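Chains as they are written, first to last, in the working numbering: chain A, 16 to 99; chain B, 7 to 694.
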């Protein structure tokens with residue numbers, strides 16, 4: 016597992032949130048349930064490359080790369096299944 | 007103090023089905039207004055409880071928490087954190103999406119701890135079942151210690167039970183996640199500044215004091231906070247973090263998953279719908295249909311309304327003694343009324359379709375796909391609906407910009423939408439393009455005139471994007487350029503919702519913007535009807551003399567009389583007065599009159615031209631439109647003028663209504679018309 020930023024992941028990659036850094040949307044991200052320990056998958060990338068759609072346990076959201084950049088994550092190796 | 011009528015508020019996350027429940031409970035007995043100072047729809051309605059007592063149901067905007075980032079959220083915060091607010095509810099019905107329990111219960115737990123009697127309605131119980139999940143209502147009720155009911159607002163399941171609970175609200179004795187022990191001192195200080203119904207409300211008021219208190223009070227409180235070492239922002243974030251974790255953990259007990267991944271249907275659809283290639287094609291196809299619907303389907307009811315109201319006006323004026331009053335009723339009031347009502351079909355069709363697209367979950371995907379492009383111009387993905395809608399009609403399109411939360415992005419969207427060539431420009435384009443482009447086809451099927459028309463649409467788009475970039479770069483207002491958007495699961499849309507939305511938007515337009523349009527069209531009528539008395543009397547005498555002669559062609563004489571009167575009316579005088587100003591553009595006073603009259607509505611241009619030219623035409627042995635022969639340069643210059651000019655008082659009225667400021671509407675008018683003038687000037691000078 017590598018420790019990276021969410022914004023660096025590609026379509027279909029999965030991970031676990033490890034921390035939310037200080038940024039404009041920190042509070043909103045937490046309110047939406049994106050606390051450390053949350054698993055997710057990059058579901059799609061929009062035609063213009065930004066924003067990206069990520070799928071969490073019960074819902075999916077669209078994030079601009081700038082906002083996704085303040086989310087620290089651990090990448091899951093591709094063989095492991097996302098725990099639903 | 008006892009209030010006259012009980013107030014019940016519906017609170018919940020966006021997409022929780024709150025509005026479906028509201029529509030089901032109130033039907034069409036709802037009112038749509040504005041919250042003071044903001045352009046957020048305030049939906050309320052009267053409805054009868056089990057004991058036959060009436061209550062006012064308020065559908066608060068959907069939000070994610072008690073903190074405020076946008077106007078919508080500010081409204082919710084203002085109401086729920088202020089017991090003295092006139093909309094402060096006696097009872098709250100919190101609507102939570104059962105398929106998305108943890109996140110919804112986070113906000114629910116905040117609202118529950120405000121101390122207001124609260125009923126928790128877990129919505130979409132039909133969907134959770136379909137997805138193979140069992141939601142334990144009993145367990146949730148015990149956890150929070152409040153009444154909980156499972157419902158499906160869409161299908162009406164459990165709604166009756168909910169109404170029973172609403173009819174006999176219990177005092178709020180809920181369990182608390184918030185622990186006040188840490189904040190005893192702070193809360194004591196704050197209690198002198200705020201009125202509150204619970205410790206948690208007081209804590210929230212303290213954290214958001216900067217948005218609630220007046221300057222002086224705030225300075226005092228902040229000083230006390232500082233000496234106590236209380237950092238509101240930090241403490242609120244900690245509280246939220248703790249609450250999310252607590253609720254997430256608890257939520258695991260609330261649902262039993264019977265099947266594995268239930269989200270696969272949505273994921274499968276999204277694979278196509280948000281695909282870089284297929285997704286864009288689907289988007290183009292869907293919006294082509296929406297555009298066609300506003301453009302084409304609306305034309306039948308629009309014609310019917312126009313003809314109907316005008317006919318009614320004639321009938322009413324026939325009942326009056328002929329003369330100025332009858333003319334005023336027919337051409338002033340009823341024609342103005344037709345000018346208002348004629349937009350209603352377009353508004354209703356656009357908002358009906360938007361409601362359906364939104365209900366299905368597709369609209370958020372469109373915003374997701376277009377956000378990257380629109381952001382470059384200072385807007386966001388939600389701007390796409392107003393911009394595309396603007397090609398049909400700027401009025402419903404500008405109203406649709408309400409869904410954009412960010413002030414600056416919404417402002418830019420509203421500002422540039424009128425530059426999208428709307429359907430009212432089309433007849434003018436068709437008429438004028440015929441003077442410029444030959445009726446020929448390239449390769450046998452590409453119409454040259456069609457290409458020209460397309461060029462005009464592109465011109466409008468390019469200009470709008472340039473203006474957007476300019477506002478974006480030079481505006482003092484900062485956009486936080488964050489855009490978080492939920493992509494809800496796909497669902498079958500509810501036709502009832504669509505219908506309610508259509509009727510409400512139609513109503514808002516008629517009663518708000520309608521007034522301004524009616525008054526403006528009456529003023530235009532007065533200008534075109536009256537002129538210097540001496541001249542007008544002379545014309546009337548001259549023609550009545552002619553009409554009395556034997557074998558006189560009454561019809562053609564009266565047409566000539568009205569055009570001669572128009573020429574000598576105040577409107578005609580305006581046309582002649584501005585001639586020196588419009589001459590460099592290649593226009594004479596006749597075009598001047600038509601251009602001025604177009605400010606009532608652009609499509610008036612062709613009609614006015616034919617009236618004015620009826621005099622002239624007779625002399626040359628032709629009549630009406632056929633007698634008009636613009637030079638290439640004049641027609642081109644006129645076309646450019648119509649692409650840019652904001653010749654639509656309905657748009658001006660709607661922009662004022664939606665921004666709450668005359669200044670925005672006036673600036674927009676001045677800038678676009680100025681741009682039109684300069685571009686037309688340049689065009690004519692180059693070509694002539």
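Using N, Cα and C, we set each Cβ at its ideal position, and we do this for glycine too. Everything numeric in this text was worked out from a predicted model, so none of it was measured.
query: Buried or exposed: which applies to residue 351 (chain B), given that a residue is buried once 16 or more other Cβ atoms fall within 10 Å of its Cβ?
result: buried
message: From the DSSP secondary-structure annotation, give me the bridge partner or partners of residue 69 (chain B).
response: Partner(s): none; residue 69 (chain B) has no beta bridge.
task: Pull up the DSSP beta-bridge partners for residue 60 (chain A), would you.
output: In the DSSP output, where bridge partners are listed per residue, residue 60 (chain A) has A:67.
field: DSSP-derived helix/strand/coil call for residue 18 (chain A)
entry: strand
message: Restricting to Cα atoms, I'd like to know which of B:18, B:36 and B:30 is closest to residue 71 (chain B).
response: B:18
task: Quick one: give me the first and last residue of the beta strand (DSSP E) that residue 48 (chain B) is part of.
output: 47 to 54
- prompt: Does DSSP put residue 420 (chain B) in a helix, in a strand, or in coil?
  reply: helix
field: Within 8 Å, strictly: CB atoms of residue 4 (chain B) and residue 120 (chain B)
entry: Limits of chain B in this structure are 7 at one end and 694 at the other, which puts residue 4 (chain B) out of reach.
message: Counting only C-beta atoms, is residue 412 (chain B) closer than 8 Å to chain A at any point?
response: No, because no Cβ of chain A sits closer than 8 Å to the Cβ of residue 412 (chain B).
- request: Would you give the residue range spanned by the beta strand (DSSP E) that residue 103 (chain B) belongs to?
  value: 97 to 103
DSSP beta-bridge partners of residue 573 (chain B): Beta-bridge pairing links residue 573 (chain B) to no other residue.
query: Which of the three DSSP states, helix, strand or coil, is assigned to residue 412 (chain B)?
result: coil
- prompt: In chain A, which residues lie with their C-beta within 7 Å of the C-beta of residue 515 (chain B)?
  reply: Correct list: empty, because the minimum Cβ distance to chain A is about 31 Å.
field: Where the alpha helix (DSSP H) through residue 270 (chain B) begins and ends
entry: 270 to 279
Coarse secondary structure for residue 613 (chain B), derived from DSSP in three states: helix
task: Please confirm whether residue 168 (chain B) and residue 98 (chain B) have their CB atoms less than 8 Å apart.
output: Going by C-beta atoms, residue 168 (chain B) is not nearer than 8 Å to residue 98 (chain B).
field: Residue interval of the alpha helix (DSSP H) (run including residue 285 (chain B))
entry: Where residue 285 (chain B) is concerned, the enclosing alpha helix (DSSP H) stretches over 284 to 298.
query: Using a C-beta cutoff of 8 Å, does residue 46 (chain A) count as contacting chain B?
result: By this cut-off, residue 46 (chain A) is an interface position.
message: Within 8 Å of any Cβ in chain B, is that where the Cβ of residue 79 (chain A) sits?
response: yes
field: Nearest-angstrom Cβ-Cβ length linking residue 406 (chain B) and residue 424 (chain B), presumed shorter than 8 Å
entry: No, residue 406 (chain B) and residue 424 (chain B) are not in contact; Cβ-Cβ is about 13 Å, not under 8 Å.
- request: Report, in whole angstroms, the separation of the C-beta atoms of residue 88 (chain A) and residue 31 (chain A), which I expect to be a contact under 8 Å.
  value: 6 Å
- request: Compute the distance between the beta-carbons of residue 95 (chain B) and residue 161 (chain B), then report whether it is under 8 Å.
  value: The answer is no: Cβ separation not under 8 Å.
message: Just verifying my parser: in three-state terms, what is the DSSP assignment at residue 395 (chain B)?
response: helix
C-alpha distance - residue 250 (chain B) paired with residue 487 (chain B), whole-angstrom precision: 25 Å
field: Sequence-distant residues of the same chain with beta carbon closer than 7 Å to residue 450 (chain B), five excluded per side
entry: none
- request: Return helix, strand or coil for residue 628 (chain B), following the three-state DSSP convention.
  value: The predicted model places residue 628 (chain B) with a pLDDT of 47, which falls under 50 and marks its position as unreliable; any figure quoted below should be read in that light. Residue state, collapsed to three classes: coil.
- request: Measure how close the beta-carbons of residue 108 (chain B) and residue 253 (chain B) come, nearest whole angstrom, since I'm counting them as under 8 Å.
  value: 6 Å
- request: Starting from the Cα of residue 469 (chain B), find the closest Cα among B:421, B:404 and B:261 and give me that residue.
  value: B:421
query: Rounded to a whole number of angstroms, what is the C-alpha to C-alpha distance between residue 625 (chain B) and residue 566 (chain B)?
result: Confidence at residue 625 (chain B) is low in this model, with a pLDDT of 43, below 50, so its placement is unreliable and the value that follows should be read with caution. So the alpha carbons of these two residues sit roughly 11 Å apart.
task: Can you tell me which of B:585, B:508, B:590 and B:600 puts its alpha carbon nearest to the alpha carbon of residue 572 (chain B)?
output: B:600
- prompt: Beta-carbon of residue 489 (chain B) versus every beta-carbon of chain A: anything under 8 Å?
  reply: yes
field: Continuous alpha helix (DSSP H) stretch holding residue 29 (chain A): start and end
entry: From DSSP, residue 29 (chain A) is part of no alpha helix (DSSP H) but of the beta strand (DSSP E) over 29 to 35.
field: Buried versus exposed call for residue 69 (chain B) [16 or more other C-beta atoms within 10 Å across all chains shown]
entry: By the neighbour-count rule (16 or more Cβ atoms within 10 Å), residue 69 (chain B) is buried.
field: Limits of the beta strand (DSSP E) - the one that residue 137 (chain B) falls within
entry: No beta strand (DSSP E) holds residue 137 (chain B); DSSP gives it neither H nor E.
field: Three-way DSSP call (helix, strand, coil) for residue 3 (chain B) in this model
entry: Limits of chain B in this structure are 7 at one end and 694 at the other, which puts residue 3 (chain B) out of reach.
task: Show which residues of chain B have a CB atom less than 7 Å away from the CB atom of residue 76 (chain A).
output: 490, 491, 492 and 493
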